[in-house]
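Here is the structure we will look at, set down as structure tokens.
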Amino acid sequence: MNEVIALLQNHRTYRDFDESYELTKEELQTILDASRQAPSWMNGQAYSIIVVKDKTLREKLVAINPNNPHMLHSSVFLLFVADLKRTQIVATKEQVDYHINDSLNPLIIATTDASLALQNAVIAVEALGLGSVIVGSVRNQITAVSELFNLPDYVFPLAGLSIGKPAVEMQIKPRLPEQAVVHYDTYHEYNYQLITDYDQTMKKFGEARETKLWTKKFADYYQASGHTSLNGYLKKQKLL
Numbered sequence: 001m002n003e004v005i006a007l008l009q010n011h012r013t014y015r016d017f018d019e020s021y022e023l024t025k026e027e028l029q030t031i032l033d034a035s036r037q038a039p040s041w042m043n044g045q046a047y048s049i050i051v052v053k054d055k056t057l058r059e060k061l062v063a064i065n066p067n068n069p070h071m072l073h074s075s076v077f078l079l080f081v082a083d084l085k086r087t088q089i090v091a092t093k094e095q096v097d098y099h100i101n102d103s104l105n106p107l108i109i110a111t112t113d114a115s116l117a118l119q120n121a122v123i124a125v126e127a128l129g130l131g132s133v134i135v136g137s138v139r140n141q142i143t144a145v146s147e148l149f150n151l152p153d154y155v156f157p158l159a160g161l162s163i164g165k166p167a168v169e170m171q172i173k174p175r176l177p178e179q180a181v182v183h184y185d186t187y188h189e190y191n192y193q194l195i196t197d198y199d200q201t202m203k204k205f206g207e208a209r210e211t212k213l214w215t216k217k218f219a220d221y222y223q224a225s226g227h228t229s230l231n232g233y234l235k236k237q238k239l240l
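Here it is as structure tokens:
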């Protein structure tokens, strides 16, 4: 099998890192270069990457988000932000209006660009024989995180990435069955038994941090209210 394909098909998340391991400058640069080469809409590159090496900053980050101590214990933490400030400055220089919030499309563009850059970073990390974990929960305390890193308007934190040398080996987590995810030529309804079977697959997998069945976890998450704080934040950032 092609080694790149093998790498992609063997992806796993690591949350425990060897604190004595220090990422070399060359390794970090390789990851950043790979990340920046990700596809982007019209080559707009509507994202920025904040490299967080300072321990004091990372301690503050963990204080904001205490369920992710690896942000401190990893070799480095990268914060990927959707960034429409750069093009706002261009619009000002060109003396044209900046209709950034007339539509959700620019927000989707910036989110997609940042996500692609993040995924490229994950692949580069694994190609170097290292491990990582994506931290989407930086959005749970989005205002505090933004203030910590002095994010200007037209910018918001999308996700972080803890990178380091794994201290604990992890198994490959089972994914939903192909028939529930892959559609040919048009969207098809699928047998709900596929989802029920996946619940049992994940139960047998027995990951300690998974305390609910897959179906229960997402039924509870999307039933709950309180996901609207992001809307207010995005309005404050002039993105909605």
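Using UniProt numbering, the first residue of the sequence shown is number 1, and each one after it goes up by one. Don't be surprised by glycine CBs; every beta carbon is placed ideally from N, CA and C. The structure displayed is predicted, hence computed values, not measured ones.
Item checked: Three-state class that DSSP yields for isoleucine 50 in the structure shown -> Locating residue 50 in the sequence shown gives position 50, counting from the first residue. DSSP places isoleucine 50 in strand when its eight states are reduced to three.
Checklist line | leucine 230 versus Leu240, Gln223, Pro39, Leu116, residue with shortest Cα-Cα distance | finding: Counting from one through the sequence shown, the residue named residue 230 turns up at place 230. Of the listed residues, the one whose Cα sits closest to leucine 230 is Leu240.
Item checked: Environment of residue 242 [buried if 16+ CB atoms lie within 10 Å] -> With the chain running from 1 to 240 in the structure shown, residue 242 is simply not present.
Checklist line | Neighbourhood of glycine 136 by C-beta distance below 6 Å, restricted to the same chain and skipping five residues each side | finding: Taking the first residue of the sequence shown as position 1, residue 136 is located at position 136. Closer than 6 Å at the Cβ level, and outside the excluded window around glycine 136, lie Ala159.
Margin query: For histidine 99 and asparagine 140, I'd like the C-alpha separation in whole angstroms.
Written below: As a working mapping, residue 99 is identified with position 99 in the sequence shown. As a working mapping, residue 140 is identified with position 140 in the sequence shown. The straight-line gap from Cα to Cα measures roughly 28 Å.
Checklist line | 8 Å contact criterion, which phenylalanine 156 and valine 52 should meet: CB distance rounded | finding: Here residue 156 refers to the residue found at position 156 when the sequence shown is read from its first residue. Here residue 52 refers to the residue found at position 52 when the sequence shown is read from its first residue. Wrong, their Cβ atoms sit about 17 Å apart, outside the cutoff.
Note to self: Since tyrosine 233 and threonine 143 should fall inside the 8 Å C-beta cutoff, what is the C-beta to C-beta distance between them, to a whole number of angstroms?
What the structure shows: In the sequence shown, residue 233 corresponds to position 233, counting from 1. In the sequence shown, residue 143 corresponds to position 143, counting from 1. Sure, about 6 Å apart at Cβ, within 8 Å.
Checklist line | lysine 55 to aspartate 185 span [Cα, whole Å] | finding: The residue given as residue 55 occupies position 55 in the sequence shown. The residue given as residue 185 occupies position 185 in the sequence shown. Each residue's Cα considered, the two are about 50 Å apart.
Check: proline 166 to leucine 104, Cα distance in whole Å?
Finding: The sequence position of residue 166 within the sequence shown is 166, counting from 1. The sequence position of residue 104 within the sequence shown is 104, counting from 1. One C-alpha to the other measures close to 38 Å.
Item checked: Assigned exposure category for proline 152 - 16 Cβ within 10 Å defines buried -> In the sequence shown, residue 152 corresponds to position 152, counting from 1. By the neighbour-count criterion, in which a residue is buried when 16 or more other Cβ atoms sit within 10 angstroms of its Cβ, proline 152 is exposed.
Notebook entry, point to check: Any contact of the region 33-50 with the region 1-21, i.e. 3+ C-beta pairs under 8 Å?
Noted result: With fewer than three CB-CB distances shorter than 8 Å, the region 33-50 does not count as touching the region 1-21.
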